[in-house]
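S.K.: Chains as they are written, first to last, in numbering that gives the first Met the number 0: chain F, 0 to 286; chain L, 0 to 286; chain R, 0 to 286; chain W, 0 to 286.
Number of protein chains: 4
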Amino acid sequence: MNSNPKDKSSKNKSALSSWRLRIHEIIFEADTRMGKAFDIILIITILLSVIAVMLDSMPEVRRNYGSILLVLEWSFTILFTIEYVLRLITVGRPLKYAGSFYGIVDLLSIIPTYFSLLFPGTQMLVVIRILRVLRIFRVLKLAQYLGEAQMIKQALKASRRKITVFLVTVVTIVIIVGSMMYLIEGEESGFVSIPHSIYWAIVTLTTVGYGDITPITSLGRILSAIVMILGYAIIAVPTGIVTAEMTQTFTKKHVTTQACPQCSMEGHDVDAQFCKYCGSVLNHDSF
Amino acid sequence: MNSNPKDKSSKNKSALSSWRLRIHEIIFEADTRMGKAFDIILIITILLSVIAVMLDSMPEVRRNYGSILLVLEWSFTILFTIEYVLRLITVGRPLKYAGSFYGIVDLLSIIPTYFSLLFPGTQMLVVIRILRVLRIFRVLKLAQYLGEAQMIKQALKASRRKITVFLVTVVTIVIIVGSMMYLIEGEESGFVSIPHSIYWAIVTLTTVGYGDITPITSLGRILSAIVMILGYAIIAVPTGIVTAEMTQTFTKKHVTTQACPQCSMEGHDVDAQFCKYCGSVLNHDSF
Amino acid sequence: MNSNPKDKSSKNKSALSSWRLRIHEIIFEADTRMGKAFDIILIITILLSVIAVMLDSMPEVRRNYGSILLVLEWSFTILFTIEYVLRLITVGRPLKYAGSFYGIVDLLSIIPTYFSLLFPGTQMLVVIRILRVLRIFRVLKLAQYLGEAQMIKQALKASRRKITVFLVTVVTIVIIVGSMMYLIEGEESGFVSIPHSIYWAIVTLTTVGYGDITPITSLGRILSAIVMILGYAIIAVPTGIVTAEMTQTFTKKHVTTQACPQCSMEGHDVDAQFCKYCGSVLNHDSF
Amino acid sequence: MNSNPKDKSSKNKSALSSWRLRIHEIIFEADTRMGKAFDIILIITILLSVIAVMLDSMPEVRRNYGSILLVLEWSFTILFTIEYVLRLITVGRPLKYAGSFYGIVDLLSIIPTYFSLLFPGTQMLVVIRILRVLRIFRVLKLAQYLGEAQMIKQALKASRRKITVFLVTVVTIVIIVGSMMYLIEGEESGFVSIPHSIYWAIVTLTTVGYGDITPITSLGRILSAIVMILGYAIIAVPTGIVTAEMTQTFTKKHVTTQACPQCSMEGHDVDAQFCKYCGSVLNHDSF
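(1) Measuring straight from C-alpha to C-alpha, what distance separates R/Pro178 and W/Met227?
(2) Take R/Leu85 and list the residues in its own chain whose beta-carbon comes closer than 8 Å to its own, dropping the five residues that flank it on each side.
(3) Comparing alpha-carbon positions, which option in L/Glu24, L/Gly239, L/Val202 and L/Arg61 lies nearest L/Ala154?
(4) Going along the chain, which residues of its own chain have a beta-carbon closer than 7 Å to the beta-carbon of W/Ile162, five neighbours each way excluded?
(5) Can you give me, in chain order, the residues of the stretch 178-210 of chain F that have a beta carbon less than 9 Å from any beta carbon in chain L?
(6) Closer than 8 Å by beta-carbon distance: list the chain L residues that pair up with W/Thr242, in chain order.
(7) Whole angstroms is fine: what's the gap from R/Ser48's alpha carbon to F/Gly210's?
(8) Does F/Phe190 come out as helix, strand or coil in the three-state DSSP assignment?
(9) Which residues bound the alpha helix (DSSP H) around W/Val132?
(10) Compare the beta carbon distance of F/Thr89 and F/Arg19 with 7 Å and say whether it is the shorter of the two.
(11) Using C-beta distances below 7 Å, list every residue in its chain close to F/Ile183, excluding the 5 sequence neighbours before and after it, in chain order.
(12) Taking the alpha-carbon positions, what's the R/Pro111 to W/Ile233 distance?
(13) Would a C-beta distance cut-off of 7 Å place L/Val207 and R/Thr206 closer than the cut-off?
(14) In this structure, does DSSP put W/His253 in helix, strand or coil?
(15) Which one of F/Ile197, F/Gly34 and F/Asp38 has the shortest CA to CA distance from F/Val138?
(16) Would you call the stretch 59-75 of chain R in contact with the stretch 93-103 of chain R, where contact means no fewer than 3 C-beta pairs closer than 8 Å?
(17) Using CA coordinates, which residue listed in W/Met180, W/Val173 and W/Thr248 is at the minimum distance from F/Ile225?
(18) Would you give the residue range spanned by the alpha helix (DSSP H) that F/Asp105 belongs to?
(19) Which residue wins for smallest C-alpha separation from L/Ile45, given the options L/Lys35, L/Gly34 and L/Glu72?
(20) When you compare only the Cα positions, how much space is there between W/Leu116 and W/Leu124?
(21) Counting contacts by CB-CB distance shorter than 7 Å, is F/Val164 in contact with chain W?
(22) Taking CB distances under 7 Å as the criterion, tell me whether L/Tyr113 reaches chain F.
(23) Report the residues of the stretch 127-150 of chain L with a CB closer than 8 Å to any CB of chain R, ordered along the chain.
(24) Going by the CB atoms, is the gap between F/Tyr83 and F/Asp105 shorter than 7 Å?
(25) Could you check the C-alpha separation between F/Leu68 and F/Ile109 for me, to the nearest Å?
(26) Distance, Cα to Cα, F/Val254 vs L/Gln149?
(27) Applying a beta-carbon distance threshold of less than 9 Å, which residues of chain W neighbour F/Thr80?
(28) Pull up the CB-CB distance for F/Ser192 and F/Tyr181, whole angstroms please, since I reckon it's below 8 Å.
(29) I want to verify the contact list: residues of chain R whose CB lies under 7 Å from the CB of L/Met227, in sequence order.
(30) Rounded to whole angstroms, how far is the Cβ of F/Glu147 from the Cβ of L/Val164, which I believe are closer than 8 Å?
(31) Could you give the DSSP three-state label for L/Glu28: helix, strand or coil?
(32) So, with DSSP's three-state summary, where would you put R/Ser241?
(33) When DSSP labels each residue in this structure, what does F/Gly146 get in the three-state scheme?
(34) Would you report the Cα separation of W/Thr203 and W/Ala235, rounded to the nearest angstrom?
(35) Among the residues of its own chain, which have a CB less than 6 Å from the CB of L/Leu87, if the five just before and after it don't count?
(36) Establish whether the CB of F/Tyr231 and some CB of chain W are separated by less than 7 Å.
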């Protein structure tokens, strides 16, 4: 997921010829007009190619518009191939790019189509092809969404262990409840084995509730009612964890702990240069 | 959504004759006794007319009470037409009103009925007719709910980008998981195409769980169990974002909109007596 | 819901004879040993009587144990009647009690059984009988849960208007989406009228997802996917509102805004009598 | 759930021979390299044995691989037996360990297999066997997750009463709504008794929505729509409670457990240098 910051500084290297620099700026950056236009075109192309893959999987669409979709697929593949080659040429360290997360995603976006020439009809390629959708994040990364995504990531990272404790607890509950239901309900109502019952327990605890397996005995219904209320209530735990962490992450950005040297009042904003209570100059050295 | 504040000040214009002023105050404002009474009658009329549209769509009701509903529909339409005309006459800038969000909603509330005289049986008109329900918000807007709605809107606006990052992530997960399930499950269990599988993935991740398409293979059930737990846990993310933002918005309740008379900087706390950027005295008269 | 605090002070009135005072204390209060014992017995009796009503509604149980349940029902009714009469006798203002929320619930707990002598077989009485379960709250009210319940109530009250804005928005979405689905899907897939479609929209938006009505057209599925993601995301709004309000309510209890008269440090707890930084006496007059 | 801290100090006792000390450290602690390796092997063994129990419950797996699973089951049982005996020998107070939560879980992990020699085919033993999964928590307890789990537990403990008030309210709603639906819907649509209707009400309020029982009358659908919106909205209450509590717990991270040497009052902030109740100096050495 980590981009290659070295590559960015590489555009300053005199070793790069002027046109390579130009193209690098357009493809990898988003601060020029051309760069932004490229990003927008890229997003649209990615979305269109993903939609084409989806439509291609629909039997009735494939029957009627199969040839059009094939042409589209090849057009997108050629476009993405050109883009991939340009990225490889213009980047400072091609190998590092090729081995990075986005480098691999870029490659996986084009390979399946060429591969399908050799092994036609391999449905497995469809899923690899759809991984193109991950390229959307590259554009998001450049845009102003980066900071926001960072904040979310940071809060989730900080609550990583608490979430793990929560998930281990959920999995334990689900295994024990599943086994109990296997005993209580038996095979008539679909609880044919412990894994099946655990699947039911997950469907119930997460409040998804397909209804493909449902209890029919009184005892089974009482136990499942308890699981439902439990699932309904304990959703509060991950929400509480993430929210508490986010409140801290978001707040930490805005208020300093600094006191005014004149009136000792606190609660100044980070960008405050004068005390809002007495008007004297704040010194930010201590911050 | 934005109201026309100029119109409000227009009631002070001597150009407006006294009765127009009077009616404007009743229709557009809620601070007089007549204005409040008008609002209450309006809400009841809107709700009744929406219920009439709903009942009209029920075959058994239509068969038995069709003529009553037709009379009601025309009564409501005529009432709303009179109201619309009065609004047009009494408002300072009729064109601006007509082009505003509520102006268009007001017009769409009456047009379908007249239209049905020309093209009888156009079912499409039903949905346009039901848009009347949006007029409820006009009354809410005037009432004391305005501030509360503003706070919610502000918090959602502040978390706009974070929510976008979250939604893009959810859509990506759903597309990739959907494609994988299409491969794993195949057509027998309803996963007939990628779009169908994505529909299933959305139904599962959001914990809706219709049960119209459910996995039957072991691998499919394991993957769907992971999606369920994921969907159950990541609901914490938007909740955390909005809550953290709301906690800030509600607490910061006391940020004034006042600009510093010296440096024009904004965002001062209510209790601030000096500008935190340039240290000059703030005057709170305008607040 | 509001209790009658006057009644409590009534036990101090000399007008009440000593045994009435005694019984009043046992029945209405929970601070004596007898009072606590009475509360526990009351809770158990209420729960047993509610379970008896439930069992009585099960055809197979009724067939086999009908006579036992009848005896139990009459026993509970007589016990509750004695309790009701004792409450009426010992309370300071019997009429005020009889007209209060709990007075009415107490009466409704016993009336249906007597009523069933006159009009046998009235199933309507079952629901009235089950309202006994509300009496549980009377006991909770006296116990240490009062403060906690108050805090929840206070937070919900404070967020009353925001929740109203949210609910009006949800209802509007549901009406408009329902009407659109009625047009898109039509009668084959169960969307037979706008009210049916609105019912489906509520089932979907709230992520309940029965699956009794599900879209079958592509356009219908796309719209319902949008509704699901919307429902999944906007749950964040009421949660955010209530959480932000609760954070404020819970926090407000603990920290004063008072500064130490000696060292000007802030952040003292409400129960602090000495400054935690310099040890000088805090004066709480300003609080 | 409470571990036995006395046992830990027991390793310092000279009464323990050196090899017992060594093994105790490996089995009970996680700070040595051997101890960590033991923990990782233990987790893997527990997970494998749980998976073996699950697979054993699947008819098709049992038919084909039954003998392999039997061998595996006995291997795990013998391993766990050796571990259990070692724990008993090396621990300071064997009886206290045997009676503790984890002691009982350890015993329950091995007994069913021996028991199955005496009473073959007792399916009940499967569930006891699966309780092995609880042993996972013992390893978590030792690892760095302890603090995180403590924080979650503390927040849940602090909100214990508020959650109780919430659950009593939910159960009351569910009982009353269930009884009403029993009256409204009747037997045709599956609401055959009050307990069945309550089961439906829980399925609906918690937004699980199996769809095995669904309303078919108009009135029933209106009531269930209200229950759904209620269930959708009141999830905000437990979430709000837990989040508010967690925000406090995580922020207040820095409350010491130290008591004032003068007045014995507790609950001082980490940065407090004077007791806020009596003003005497706090000594932080014990912290």
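For every residue, glycine included, the Cβ atom is placed at its ideal position computed from N, Cα and C.
M.R.: Once the coordinates are examined:
(1) According to the sequence as given, residue 178 of chain R is Ser; it is not Pro. Cα-Cα distance, rounded: 19 Å.
(2) A distance below 8 Å between beta-carbons, with the five flanking residues on each side excluded, links R/Leu85 to the following residues of its chain, in chain order: Ile22 and Ile26.
(3) Ranked by how close their Cα comes to the Cα of L/Ala154, the residues L/Glu24, L/Gly239, L/Val202 and L/Arg61 have L/Gly239 in first place.
(4) Non-local C-beta neighbours of W/Ile162 in its own chain, meaning closer than 7 Å and more than five positions away in sequence, comprise Pro237 and Ile240, ordered along the chain.
(5) Answer in chain order: Pro194, His195, Ile197, Tyr198, Ile201, Val202, Leu204, Thr205, Thr206, Val207, Gly208, Tyr209 and Gly210.
(6) Within chain L, the residues near W/Thr242 are Thr242.
(7) Near 32 Å, if we compare the C-alpha coordinates of F/Gly210 and R/Ser48.
(8) The answer is coil: DSSP assigns F/Phe190 none of H, G, I, E or B.
(9) First-last for W/Val132: undefined, no H or E at that position.
(10) Against a cut-off of 7 Å, the Cβ pair of F/Arg19 and F/Thr89 comes out as a contact.
(11) Hits under 7 Å: Thr216, Leu218, Gly219 and Leu222.
(12) R/Pro111 and W/Ile233 have their alpha carbons spaced roughly 31 Å apart.
(13) Yes; because the gap between Cβ atoms is below 7 Å, this pair is in contact.
(14) Low per-residue confidence applies at W/His253: pLDDT is 45, beneath 50, and the placement is therefore not dependable enough to give any value.
(15) The shortest C-alpha separation from F/Val138 is found at F/Asp38.
(16) Judged by Cβ distances under 8 Å, the stretch 59-75 of chain R makes no contact with the stretch 93-103 of chain R, as fewer than three pairs qualify.
(17) Check the Cα spacing between F/Ile225 and each of W/Met180, W/Val173 and W/Thr248: the tightest is with W/Val173.
(18) Element bounds for F/Asp105: Phe100 to Leu117.
(19) Taking L/Ile45 as reference, the option from L/Lys35, L/Gly34 and L/Glu72 with the minimal CA-CA separation is L/Glu72.
(20) Cα-Cα distance, rounded: 12 Å.
(21) Interface residue, yes.
(22) The beta carbon of L/Tyr113 sits no closer than 7 Å to any beta carbon of chain F.
(23) Within the stretch 127-150 of chain L, the qualifying residues are Ile129, Leu130, Val132, Leu133, Ile135, Phe136, Leu139, Gln143, Tyr144, Glu147, Ala148 and Met150.
(24) Their beta carbons are under 7 Å apart, which means F/Asp105 touches F/Tyr83 by this criterion.
(25) Each residue's Cα considered, the two are about 15 Å apart.
(26) Residue placement at F/Val254 is poorly supported in this model, since its pLDDT is 48, which falls under 50; the coordinates still yield a value, given next. F/Val254 and L/Gln149 have their C-alpha atoms spaced approximately 24 Å apart.
(27) The contacting residues do not exist; F/Thr80 stays about 44 Å from chain W at best.
(28) Going by Cβ atoms, the distance from F/Ser192 to F/Tyr181 rounds to 7 Å, so yes, they are a contact pair.
(29) In chain order: nothing, as chain R lies at least about 12 Å away.
(30) The C-beta separation of F/Glu147 from L/Val164 comes to about 5 Å, placing the pair in contact by the 8 Å criterion.
(31) DSSP, reduced to helix, strand and coil, places L/Glu28 outside both helices and strands of the structure shown, so it counts as coil.
(32) Looking at the sequence provided, one finds Val at residue 241 of chain R rather than Ser. Shown here, R/Val241 sits in a helix according to DSSP, grouped into three states.
(33) If DSSP states are grouped into helix, strand and coil, F/Gly146 belongs with the helices.
(34) If you take the alpha carbons of W/Thr203 and W/Ala235, they lie about 16 Å apart.
(35) Closer than 6 Å at Cβ, skipping near neighbours: Pro93.
(36) It does: the Cβ of F/Tyr231 has a partner Cβ on chain W nearer than 7 Å.
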